[in-house]
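Numbering (my numbering), first residue to last: 11 to 110. Glycine included, each C-beta is placed from N, C-alpha and C at the ideal position.
Right, here's the structure in full:
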């Protein structure tokens, strides 16, 4: 799926695939984006990996809230919000290192 989206819908399509892939696992999209960064745009790859990781974090937070209840879910939701803010800051404010 990633190869198809890379060819036809970059970069917004890659971000959507990253968000969907992150719902279950981050490893596959990380490997795909690592390959993409070698031959494509490294910044797009970094953003896609961050989106996948944030998506995965949200799912895990939701699962914990449902399975463990509010006693554990509420503190974890606060930690998840901090993680999301840090991840979004990384996407919007930092540029990947480029070699000159």
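- Contact between residue 36 and residue 66 is confirmed by a C-beta separation of about 5 Å, below the 8 Å threshold.
- Under the three-state reduction of DSSP, residue 98 is assigned to helix.
- Assigned with DSSP and collapsed to three states, residue 79 falls in coil, not helix or strand.
- Here the region 40-51 makes no contact with the region 71-82; the two share fewer than three CB pairs at distances below 8 Å.
- Boundaries for residue 51: no alpha helix (DSSP H) harbours it, and the DSSP string shows neither H nor E there.
- Our two residues, residue 57 and residue 38, have alpha carbons roughly 15 Å apart in a direct line.
- Judged by beta-carbon spacing, residue 94 lies beyond the 8 Å limit of residue 54, meaning their Cβ atoms are not closer than that value.
- Note on geometry: alpha-carbon atoms of residue 21 and residue 72 lie some 28 Å from one another.
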